[in-house]
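*Asks:* If you're matching them up, the sequences are chains A and B in order. Each position in the first sequence, counted from 1, maps to that position plus 65 in our numbering. Each position in the second sequence, counted from 1, maps to that position plus 311 in our numbering. The C-beta atom is built at its ideal place from N, Cα and C for all residues, glycine as well. Dropping the structure in here first, questions after.
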Amino acid sequence: MSNAPAFALPRRARLLPLLVERHREHGFLDRGSVEHIARQLGMPVAEAWEAAASMTEFHFEPVRGERSCAGLACSLRPGWREPTLPAGCLFRCYEPPASGDERPFPLEMVRRSGPLLAPCDQTWAGLERARNLGPAVALEELERSGLRGRGGAFFPTAAKWRAALSRGRPLALVLNAEEGEPGVFKDRALLCLRPERVLEGLGIAMQVLQPAVTIAFINGAAEPAAAAFERALAASPIAGDVLVYRGAGGYVLGEETALLNAIEGRRAVPRPRPPLPVEAGLFGMPTVVNNVETMAAVSFIIREGAAAFRELGTAHAPGTRILSVSGRVSRPGVYEVPMGTLLSDVVVEAGGAGDSSTALLCGGPSGGFLPWDLAATPILPGRYHPTGAMLGAGGVVVLDWSSDIRRAALTMAAYNAEQSCGKCTPCREGAPLLLELLGSGRTAEVDELADVLQHASLCGLGQMAPGPVRSALEFWSGVFV
Amino acid sequence: MKVDGHETEAAGTLLDVILALGIDLPHLCKDDNLPPIGACRTCLVEADGRIVAACHTPAAAVQEVQTRSVRAIELRQAVLRLTARMHGREPDVSGGPRSGELWAAYAAHGLERPSYPSRPRSAVDLSSPFFEFHEEPCILCGRCVVACQQLQHIGAIGIAGTATSARVTAGAAVAFAESACTACGSCVAACPTHALRPKPLRATHRPGDARGEEG
Ligand code: SF4
Ligand code: SF4
Ligand code: FES
Chain A
66 MSNAPAFALP
76 RRARLLPLLV
86 ERHREHGFLD
96 RGSVEHIARQ
106 LGMPVAEAWE
116 AAASMTEFHF
126 EPVRGERSCA
136 GLACSLRPGW
146 REPTLPAGCL
156 FRCYEPPASG
166 DERPFPLEMV
176 RRSGPLLAPC
186 DQTWAGLERA
196 RNLGPAVALE
206 ELERSGLRGR
216 GGAFFPTAAK
226 WRAALSRGRP
236 LALVLNAEEG
246 EPGVFKDRAL
256 LCLRPERVLE
266 GLGIAMQVLQ
276 PAVTIAFING
286 AAEPAAAAFE
296 RALAASPIAG
306 DVLVYRGAGG
316 YVLGEETALL
326 NAIEGRRAVP
336 RPRPPLPVEA
346 GLFGMPTVVN
356 NVETMAAVSF
366 IIREGAAAFR
376 ELGTAHAPGT
386 RILSVSGRVS
396 RPGVYEVPMG
406 TLLSDVVVEA
416 GGAGDSSTAL
426 LCGGPSGGFL
436 PWDLAATPIL
446 PGRYHPTGAM
456 LGAGGVVVLD
466 WSSDIRRAAL
476 TMAAYNAEQS
486 CGKCTPCREG
496 APLLLELLGS
506 GRTAEVDELA
516 DVLQHASLCG
526 LGQMAPGPVR
536 SALEFWSGVF
546 V
Chain B
312 MKVDGHETEA
322 AGTLLDVILA
332 LGIDLPHLCK
342 DDNLPPIGAC
352 RTCLVEADGR
362 IVAACHTPAA
372 AVQEVQTRSV
382 RAIELRQAVL
392 RLTARMHGRE
402 PDVSGGPRSG
412 ELWAAYAAHG
422 LERPSYPSRP
432 RSAVDLSSPF
442 FEFHEEPCIL
452 CGRCVVACQQ
462 LQHIGAIGIA
472 GTATSARVTA
482 GAAVAFAESA
492 CTACGSCVAA
502 CPTHALRPKP
512 LRATHRPGDA
522 RGEEG
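Quick look at the structure:
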């Protein structure tokens, strides 16, 4: 918790920051240090321990060596070998093979820019306009823009804010910069290159929501992004009003309630719904969780007006979307395109082969694969194909199906099995079985298992885990027998 | 609202309504006295055409529930088959079988089909003077943890680890006897399997009993 303002959060909210700090100093967490921290916070040791053990990036014994990426784009490089310290993804898919710590997002990897990635003008005009409009009118402007959340679920942002406001104060606001999906690096691009825009959006949200506490939760490995954000924060009008939290891994943090549990110093697993976070989220407060890209769009909308935002994209899905493109392309990087742009056009622009050899992974481990003859589809919220491929968080990995699809499907299935938080039975027990079935060619049994994962799992991770497997079998079943 | 064709009042959760009507539905991770956890996924029903977990779905917004639709039964069967991966046969433990809820659910769902390959686990903790923990039968429902943390406010145990490494853990991975456990027995009472089981209290081993066999 950097330059912590005196927010009245329960003491256990300091658990994660203290664990992260200790982990940084020592390289791992031992029993004694977790016990010590628990005592300091007056919380039960077992609760601190289960919280620490739920964060997949924490080590509990000393580790040596440098982490190397075992992610999809990196493993496609000739000569790539399974690393001794594998990382699911190091989020530098645009410069494979990646290893070691994260580096600042390179400007030249912004291949196509739009209102969100364009340079900022170094003023806080949007924030001033929000102040002048007042919360009610600013919220109406946001509503007219039709903005839908850019985390991947595309819930209307204004409706989310209204739902929280209707519950009354105090409420909490969380900027979700956890970005943990393999193959997605657009939030890092925004935070490294345009942190002021994200901060302005956050400031506007604070104007409208008047939260009792505002938290920016930044991926624990995204050092350069966090540093850029904190630098810009210190020079911004909301300096001192935002608590910066750093995570420690776990794809499941993409589930809002797991993220809130992590902030509360609890085991980072999803909570049963209802209540929704906007009803009772962080420590029971109505809580708005918004993605980095969503906040950047809020800044643009309040500056330029809802109409300007609606000039881009489609009537149902206005605005732009930032795609993270990697894999077999000559120009990997981020592409900010209007919603409704053809997916195939972006892949061609990125230098993908764009012929019948091409397969696309859309939506990462929660999405699925798409053959090239279905790629001329508009980029819109929802599925590109019922078997799995979807826009989601905007990850697109370009593959050559004949050489890559088997490894890619197995990598995604393995990732989901590994990242299962372990809370619910269908996902914890079923996801590793799905990997086993696929690996051993027992594909006839996949359907039943995929069905129970999708419909019985508690959260989106398990529910969407069958996507890569189902879609790979739908289009290239011959590769797996 | 209607449940399996019966008209009834919508109050509490779907599970509350279903159980009040005397309808059988497995609910392995929902303890009557504790808030829903949502971990076991055995309470699936069809509510207005959607599959939901009855234990954490409010009844208010639902018109019609089917607990015995083909779809609901098929999914519950599949979940129970995955549950069965985790444990073996009911052993001959003192005090009779303790996994009644579980075996009743299997029986009601006709689980004679071959199950998925098992995933054996074997940790044992005999350190507490009053109960034992055997990992093998544990289905990771989480009831013991919620009883300890939220009912007793002791917080002696948690579920540590992710994916298939998740396991019931005392303190910072210590033995029960070295944790904050007060041996209140809440976790043992909450456990739907014989993972947490009372220690056999044989007369000869009763503390303070001067007339033991050796005496
Ligand atoms: S679906 Fe998977 S990740 Fe989600 S709660 Fe269940 S075990 Fe955890
Ligand atoms: S020990 Fe019993 S109550 Fe605890 S998680 Fe295992 S089966 Fe459930
Ligand atoms: S009883 Fe509903 S999920 Fe376990």
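1) The alpha helix (DSSP H) with F365 (chain A) in it runs from where to where?
2) Rounded to a whole number of angstroms, what is the C-alpha to C-alpha distance between V110 (chain A) and G469 (chain B)?
3) For V517 (chain A), count the other beta carbons within 10 Å of its own beta carbon; 16 or more makes it buried, fewer makes it exposed. Which is it?
4) Name the chain A residues that come within less than 9 Å of P369 (chain B), Cβ to Cβ?
5) Pull up the distance between the alpha-carbon of V99 (chain A) and that of R89 (chain A), whole angstroms please.
6) Nearest CA to the CA of V356 (chain B): which residue from B:D315, B:V479, B:P448, B:A419?
7) Quick one, what's near ligand 4 if you take every residue whose CB is closer than 7 Å to any heavy atom, in chain order?
8) Closer than 7 Å by C-beta to A117 (chain A): which residues in its own chain qualify, once you throw out the five before and the five after it? Chain order, please.
9) When we look at the beta-carbon of H516 (chain B) and count the other beta-carbons within 10 Å, is it buried (16 or more) or exposed?
10) Comparing C-alpha positions only, which one of A:L150, A:T222, A:G107, A:V273 sits nearest to H464 (chain B)?
11) Anyone know if the C-beta pair for L155 (chain A) and W226 (chain A) falls short of 8 Å?
12) Rounded to the nearest angstrom, what separates G417 (chain A) and T322 (chain A) at their Cα positions?
13) Closer than 7 Å by C-beta to A418 (chain B): which residues in its own chain qualify, once you throw out the five before and the five after it? Chain order, please.
14) Run down chain A in chain order and give the residues with a C-beta less than 9 Å from the C-beta of Q460 (chain B).
15) From the DSSP output, read off the bridge partner residues of G429 (chain A).
16) In angstroms, rounded to a whole number, what distance separates the CA positions of G315 (chain A) and T121 (chain A)?
17) Which residues have a Cβ closer than 5 Å to any heavy atom of ligand 1, listed in chain order?
18) Please state whether DSSP places H88 (chain A) in a helix, a strand or coil.
19) In this structure, how does DSSP classify K251 (chain A) when only helix, strand and coil are distinguished?
20) Name the DSSP beta bridge partners of H317 (chain B), please?
21) Report, in whole angstroms, the separation of the C-beta atoms of I269 (chain A) and L192 (chain A), which I expect to be a contact under 8 Å.
22) Within a Cβ cutoff of 8 Å, which residues of the same chain sit near L298 (chain A), ignoring the five residues on either side of it in sequence?
23) Could you pull the start and end residues of the beta strand (DSSP E) that I387 (chain A) belongs to?
24) According to the neighbour-count rule (16 or more other Cβ atoms, all chains shown, within 10 Å of its Cβ), is D342 (chain B) buried or exposed?
25) Are there any heavy atoms of ligand 2 lying less than 7 Å away from the beta-carbon of L181 (chain A), as far as the coordinates show?
26) Hey, could you find the ends of the beta strand (DSSP E) P289 (chain A) is sitting in?
27) May I have the straight-line CA-CA distance separating A373 (chain A) from E385 (chain B), to the nearest angstrom?
28) Can you check whether the C-beta of V390 (chain B) is within less than 8 Å of a C-beta belonging to chain A?
29) When DSSP labels each residue in this structure, what does F282 (chain A) get in the three-state scheme?
30) Would you give the residue range spanned by the alpha helix (DSSP H) that H520 (chain A) belongs to?
31) R161 (chain A): which of A:F170, A:R146, A:R142 sits nearest, CA to CA?
32) Here's the rule I'm using: 16 or more other beta-carbon atoms within 10 Å means buried, otherwise exposed. How should R77 (chain A) be labelled?
33) Quick check on the burial criterion: 16 or more other C-beta atoms within 10 angstroms. Buried or exposed for E318 (chain B)?
34) Leaving out the 5 sequence neighbours to the left and right, which residues in its chain are closer than 6 Å to S119 (chain A) when beta-carbon positions are compared?
35) Cβ closer than 7 Å: which chain B residues qualify as neighbours of H520 (chain A)?
36) Could you tell me which uninterrupted beta strand (DSSP E) segments, each at least 3 residues in length, are contained entirely in the stretch 131-208 of chain A, listed from first to last along the chain?
*Replies:* Concretely, from the data shown:
1) Run containing F365 (chain A): 357-369, per the alpha helix (DSSP H) assignment.
2) Their backbone Cα atoms lie some 9 Å apart in a straight line.
3) Residue environment: V517 (chain A) is assigned as buried (16 or more neighbouring CB atoms within 10 Å of its CB, all protein chains considered).
4) In chain order: P339.
5) So the two alpha carbons sit approximately 14 Å from each other.
6) When B:D315, B:V479, B:P448, B:A419 are compared, the shortest CA-CA separation from V356 (chain B) is found for B:D315.
7) The ligand content of the structure shown is limited to ligand 1, ligand 2 and ligand 3, which means ligand 4 is not among them.
8) Cβ contact annotation for A117 (chain A) (same chain, cutoff 7 Å, sequence separation greater than five): L84, L94, V99, F123, in chain order.
9) Unreliable positioning characterises H516 (chain B) in this predicted model, as indicated by a pLDDT of 48, which lies under 50. The coordinate reading is nonetheless provided below. That one is exposed.
10) Closest option to H464 (chain B), Cα to Cα, is A:G107.
11) L155 (chain A) places its beta carbon 8 Å or farther from that of W226 (chain A).
12) Each residue's Cα considered, the two are about 37 Å apart.
13) Cβ-Cβ distances below 7 Å link A418 (chain B) to nothing in the same chain once the five nearest sequence neighbours on each side are left out.
14) Simply P109, A111, E112.
15) BP columns for G429 (chain A) are empty, so no partner.
16) Between G315 (chain A) and T121 (chain A), the C-alpha separation is close to 5 Å.
17) A distance filter of 5 Å between CB atoms and the heavy atoms of ligand 1 selects the following residues in sequence order: A:V317, A:P335, A:S485, A:C486, A:K488, A:C489, A:C492, A:R493, A:S522, A:L523, A:C524, A:L526, A:G527.
18) DSSP places H88 (chain A) in helix when its eight states are reduced to three.
19) In this structure, K251 (chain A) counts as helix in the three-state DSSP scheme.
20) Partner(s): B:V314.
21) Rounded, the Cβ-Cβ distance is 6 Å, consistent with contact.
22) Cβ within range, chain order: P260, L264, A281, A304, V307, V309.
23) Run containing I387 (chain A): 385-392, per the beta strand (DSSP E) assignment.
24) That one is buried.
25) Incorrect: L181 (chain A) has no Cβ contact closer than 7 Å to ligand 2.
26) For P289 (chain A), there is no enclosing beta strand (DSSP E); the residue is found in the alpha helix (DSSP H) stretching over 288-299.
27) Going by the C-alpha atoms only, they are around 50 Å apart.
28) It does; some Cβ of chain A falls within 8 Å.
29) Reduced to three states, the DSSP call for F282 (chain A) is strand.
30) Unbroken alpha helix (DSSP H) run through H520 (chain A): 511-521.
31) Looking at the sequence shown, residue 161 (chain A) is not Arg but Pro. It is A:R142 whose Cα lies nearest to the Cα of P161 (chain A).
32) Counting Cβ neighbours within 10 Å, R77 (chain A) comes out buried, since at least 16 surround it.
33) So E318 (chain B) counts as exposed.
34) Taken in chain order, the residues that qualify are R332, A333.
35) Correct list: I362, L386.
36) Within the stretch 131-208 of chain A, the runs of beta strand (DSSP E) that reach at least 3 residues and sit entirely inside it are, in chain order, 175-177.
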